[in-house]
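Participant:
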Amino acid sequence: MRKIKLQIQLSLDGFVCGAGGEMDWLVPDWDDVVKNYVAGLTNSADTFLMGRATGEGMAVYWPTVQSNPESTEEEKWMAEKLNGSPKIVFSRTVTCINWTNVRVANDIVEEVKELKREPGKDIILYGGAGIVSSFISENLIDEYHLFVNPAIIGSGKTIFSDVKKTMYLKLVNAVRSKTGIVILQYVPEKENEMNSSHKKQVCETNTKTLNTADFFIKNNVRTDIICSGNR
């Protein structure tokens, strides 16, 4: 089954932008580690989802990249991929986005169910706090690819504001870049796996505790014997 993969940048304290939408804290220039990771992630998908603001912004920028002589080869490749692939913009306020291969929808859950039933590669979700929060609260994300930037901004918008119940995640991969960005890949941990993992951790902790207690008991007894012999 196709997977929904979230690709998003965060500050170290978990914000996707400042309270007023500020994003000047993002690392401006990526190194090859980040570029190659993004290329691999992008290449794993053939459909792209986004919110209205992200969709409108991308619709202005990406169609111009391939004809721009100042564009890099990486940018041209990304432009070809995004412009030529199916895209869905989720919005309750607009019905049309001026971009190729794009359509507007408003029912996130039904669209995702339908997309997952269709054949194809995986699906990448872009967007801001609003759309991503909706996906997270509905448990629609299969993989989290979090690009953590080396900045603490103190306040702003978060993608976790709609979470009502603790969600457990399993770390699959961590990639460190010389830019200071750390890319963390998580997948949701299923309840039975989480319980099994938790029980294993509890068992290991209890074993370590017993071993530690046994060590101290034996050594304290030995010390008492030695000390009593010197009295």
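Using numbering that gives the first Met the number 0, the first residue of the sequence shown is number 0, and each one after it goes up by one. We put the CB at the ideal spot given by N, CA and C, even for glycine. Here the structure is a predicted model, which means the values were calculated and not measured.
(1) Rounded to a whole number of angstroms, what is the C-alpha to C-alpha distance between V5 and Y125?
(2) For I152, which residues from the same chain have a beta carbon less than 8 angstroms from its beta carbon, with the 5 sequence-adjacent residues on both sides left out?
(3) Give me the Cα-Cα distance between S176 and K115, rounded to the nearest whole angstrom.
(4) Looking at the secondary structure, which residues open and close the alpha helix (DSSP H) in which F134 lies?
(5) Residues in the same chain with beta-carbon distance under 6 angstroms from D45, minus the five sequence neighbours each way, listed in chain order, please.
(6) According to DSSP, is M57 helix, strand or coil?
(7) Taking G127 as the reference, which of G155, V93, P68, E73 has the closest Cα?
(8) Confirm, please, whether the CB-CB distance from I3 to D141 is below 8 angstroms.
(9) Alpha carbon to alpha carbon, how far is H144 from R1? Give it in angstroms, no decimals.
Facilitator: Quick answer:
(1) As written in the sequence, residue 5 is Leu, which differs from the Val given in the question. Between L5 and Y125, the C-alpha separation is close to 7 angstroms.
(2) Answer for I152: S10, D12, F14, G17, E21, W24, listed in chain order.
(3) Distance between the alpha carbons of S176 and K115: 32 angstroms.
(4) Looking at the DSSP string, the run of the alpha helix (DSSP H) that includes F134 is 128-136.
(5) If we look at D45 and ignore the five residues flanking it on each side, its Cβ neighbours are S84, G119, K120.
(6) Note: M57 maps to helix in three-state DSSP.
(7) It is G155.
(8) Yes.
(9) When the Cα atoms are used, R1 and H144 turn out to be separated by approximately 16 angstroms.
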